[in-house]
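Some notes on the structure that comes next.
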Amino acid sequence: MSELPGSGLDERTNAHSGLPALEPAAATTPRGRTMPAWTRPSLWLPPVVAFALLAVGWQLYAMHNPFVIPTIPKIFHELTSHSGLYFRNAMTTLKEALVGAALGMGIAFLLAVVMSYVRIVERAVLPLAVILNVTPIIAIAPALVVAFGFGPTPKYIITAVLVFFPFLINSLTGLRSADPLALDVLKTLNASRTEILWRLRLPSSLPFLCAGARICVPLSLIGAVVAEFVAAGQTNGLGTVIVAAASLSDLPTIYASVVILAIMGIALFVIVVLVQRRLLAWHSSATPTN
Amino acid sequence: MEPKTSTPSDQADSALVIDGVYKGYYSGAAHVSVIEDVSLVAPRGQFVTVIGPSGCGKTTLLRIVAGLLDVERGTVSIFGESVRRASAAKHIGLVPQSPALLPWRTVLDNVRLPLQVNKKPDSDGSRSHADPTAVLKSFGLGRVVNRRPAQLSGGMQHRVAIARAFVFDPPILLMDEPFAAVDELTREMLRHELLSIWQANKKTVLFVTHSISEAILLSDVVVIMSSNPGTIQKVIPVGLPRPRDDLVENTKEFHELERQIRLELRDSWRGAK
C-alpha cells in the first residue's frame, strides 16, 4: 500500500481506497486533471439521443393526430400559462405522497424490527401483509372515502398501504442480513439486544432500506394520484386535475399534469439516490453506476 | 495488557475447564451427537490448539466455550465462572473464521466496538483496556486507522479482527481458524505476529486450526479430535522452547511433533471412515 516517490502510483489508484483501480473512476484530460465520470459523452450521450428521438417522434405523431396526444408546444404553453394552478395542485399531491410514504414506511420498519426479534409476530403478521399486498388496493379506496371523507386522510392511507409491503419485506431482509460472525462477536461480548440492533442490525439493513426507499418513494406518488382519482369531489391534487380535464377532453392539461408528476417522480428518486450515496459510502451499491 | 490479577482466576488455577461436554442435534427423528464426553483443562496463560478432521466438532466446541451454543450435558467454566457470567464480565475475546469487521466503520471504530457495548464490566475500574489507537499501532496498523475494512488487504483485515479481540483485554481468547482464508505467505506472517503479541501478553488461548505446523508453532498443547462423534483422541504437549521464531520450524523436534500429529490425525481420519 506504500506509495513509491515519483512512481505515479497515485494517478493509477482509486482516490477513495488507495488500491489499484480496476476501471478508471474518472476521465483524464491530456493535462492529467481528472474530470467527474458523468462528463464522459459515453455516459450522457445515449440517454440524451434517446430522449431527443422520442420528443421528435412524439411531435411528428401529435401534429397528425391532435386528438390522440397534444403537441409539445401545446403542453409547454399549458404549463407556463397556468403555472400557479399546477404548482398548487402538485404541492397537494406531493404532500399526500410524502405523508403516506412516511406513514407506511415508518410502520413497516417498526413492525420489521419487532418481527426480526419475535418470530411469532412474524408468523402472525406476514400472511396478513401478503393478503394486503395482493389485494388491489383500489378496491378499498371508495370505502376509505366513505369512511374518512374527501379530505387527505384516505389518500394518506392508500399511499401508506401501497408502500407498506415492499418496505416491510426490505426492512425484514435488511435486519436479518447482519454478518452472523459479527453477531457472534457481539454476543460473546454480552451486548444487549438494543446494542446489537443499534450497532449491527440497523447499519447492516441500510442498503436494503435504501433499496426499499428507491421503490417506495416514487410508488407513493402513484398511490397519491390513484387516491385522488377515486376520491370524487376532491378539489385539489394533480389526480383531480387529470380527472376533471379528462371529462372535458382537455388533453394538454392531462399531459401537463403528467409532465409535472414525472418531474416530481424524478426529483424524489434523485433525492433518495443522493441520500443513499451519503449513507452508504461504504457499500458497493453507492458506486456511480447504481 | 497483562490481565488484572483481580479476575476470578484467584479462585481457580485453571483458566478453562471443559468437563464431560456433550452436544448433539436432531436430524428428523434421529439424534446425532456432534461432540461427546469432551473434557479439557487449560491453565492460565496456556496456548491450546484444537486440530482434527473436518466435522469433528472443533468449531462446535469453540462456540460452546464462547457461550454461543448451550451444552446438553457437562459443564464449561472460565476462571471458575459459568460461560454466561464470563461473557457478562467481558472475559472472552472471539476471533471468528472471517474478520467479520463492520464495513461502515473505520478500522479504529471497528476496534473500538468492544468498548462501546456492555459497558458495565468496564465501569467498575477493575480492568484496564488499552487505547485503541495504541493497540492498532502495536499490530502495525497505525497508518490505516481511518480506512474502511474494504480498503485493506485480507491479511490486514485479520490483524484488525485480532486487535479488536485484544483491545478490551479479555483474559481468554477464542480463535476459530482465523487465518484459514488468507494466502500461505500472509498466513505465515500472521502466525508470527500472533506469536510475538501472545508472548508479550500471555493470554489463555483456545485456537482451532487445520494446519499441523501452525498448531505446533503456536501452542503449548495440541488437542487432537476425532470425529463421529467428536471426541478428544489425544493431547500432545509441545515442549519447544519459547520465544519461538521461524527457525524453530527447521528443528528435529518440530518435525518429530509434526510426524506424531500427522499419524494421530491419520488414525482419527481412518476411525471416522
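Sequence lines, in order, name chains A and B. Just so you know, we're using this note's numbering here: the first sequence kicks off at 542 and counts up by one. Just so you know, we're using this note's numbering here: the second sequence kicks off at 1005 and counts up by one. Every residue, glycine too, gets a C-beta built ideally from N, C-alpha and C. Computed from a prediction, not measured in an experiment: that's the story for all the values here.
Own chain partners of residue i with C-beta closer than 7 Å, once the 5 adjacent residues on each side are dropped
i	result
B:THR1063	ASP1180 and VAL1212
A:MET805	ALA631, LEU635 and LEU762
B:LEU1251	none
A:LEU741	ALA719, ALA723, LEU724 and LEU727
A:ILE795	ILE783, ALA786 and ALA787
B:GLY1024	ASP1041, SER1043, ARG1077 and GLY1078
B:LYS1206	GLY1049
A:ALA638	THR700, SER761, LEU762, GLY764 and ALA765
B:SER1200	none
B:ILE1068	VAL1025, LYS1027, VAL1075 and VAL1080
Close beta carbons around residue i, own chain, < 6 Å, minus the five adjacent residues each side
i	result
A:GLY715	SER746, PHE749 and LEU750
A:PHE708	MET646, ALA649, GLY753 and CYS757
B:PHE1143	ARG1163 and ALA1167
B:SER1091	GLY1071
B:SER1018	VAL1045 and PRO1047
Proximity test, Cβ basis, 7 Å: residue i and chain B
i	result
A:GLU736	yes
A:PRO582	no
A:LEU709	no
A:PRO588	no
A:TRP739	no
A:VAL800	no
A:VAL655	no
A:THR570	No answer about A:THR570 holds up, because its pLDDT of 49 lies below 50 and its placement is not dependable.
A:ARG818	no
Interface residues of chain A facing residue i [CB-CB closer than 8 Å]
i	result
B:LYS1094	LEU730 and ASN731
B:PRO1107	TRP823 and HIS824
CB contact check: residue i to chain A, cutoff 7 Å
i	result
B:ASN1122	yes
B:SER1230	no
B:PRO1118	yes
Contact test: residue i Cβ vs the ligand NAD heavy atom, cutoff 6 Å
i	result
B:ARG1274	No copy of the ligand NAD occurs in the structure displayed, which carries no ligand at all.
Interface partners of residue i on chain B, CB under 8 Å
i	result
A:LEU722	PRO1100, GLN1101, SER1102 and ALA1104
A:ILE742	Before going on, a small fix: residue 742 of chain A reads as Arg here, not Ile. Neighbours of A:ARG742 on chain B: none; closest Cβ ~11 Å, over 8 Å.
Chain A contact residues for residue i, given Cβ-Cβ distances below 9 Å
i	result
B:GLY1144	Going along chain A, no residue has its Cβ under 9 Å from B:GLY1144, so there is no contact; the nearest lies around 12 Å.
B:GLN1070	In the sequence as displayed, the identity of residue 1070 of chain B is Ala instead of Gln. Those within 9 Å of B:ALA1070 in chain A are ASP725, LYS728 and THR729.
Three-way DSSP call (helix, strand, coil) for residue i in this model
i	result
B:GLU1085	strand
B:THR1213	strand
A:ALA566	Note that A:ALA566 scores 42 on pLDDT, short of 50, meaning its location in the model is unreliable; the coordinates nonetheless yield the value given after this. In the structure shown, A:ALA566 sits in coil (DSSP, three-state: anything other than H, G, I, E or B).
B:ALA1019	strand
A:LEU743	helix
B:GLY1097	strand
B:GLY1024	strand
B:HIS1259	helix
B:GLN1264	helix
A:GLY690	coil
B:LEU1198	helix
A:ARG819	helix
A:SER825	helix
A:PRO607	coil
A:ALA642	helix
B:LYS1206	coil
B:ASP1250	helix
B:LEU1178	strand
Other residues of its chain near residue i: CB distance less than 8 Å, five sequence neighbours each side excluded
i	result
B:TRP1108	ARG1152
A:GLU663	MET656, SER657 and LEU713
A:THR570	In this prediction, A:THR570 scores a pLDDT of 49, lower than 50, which makes its location untrustworthy; the coordinate-derived value is nonetheless stated afterwards. Answer for A:THR570: MET576, listed in chain order.
In the region 1152-1168 of chain B, which residues sit with their C-beta less than 9 Å from some C-beta in chain A, listed in chain order? ARG1152, PRO1153, ALA1154, GLN1155, LEU1156, SER1157, MET1160, ALA1165 and ARG1168
Can you list, in chain order, the residues of the region 1076-1093 of chain B whose Cβ is nearer than 7 Å to any Cβ on chain A? SER1091 and ALA1092
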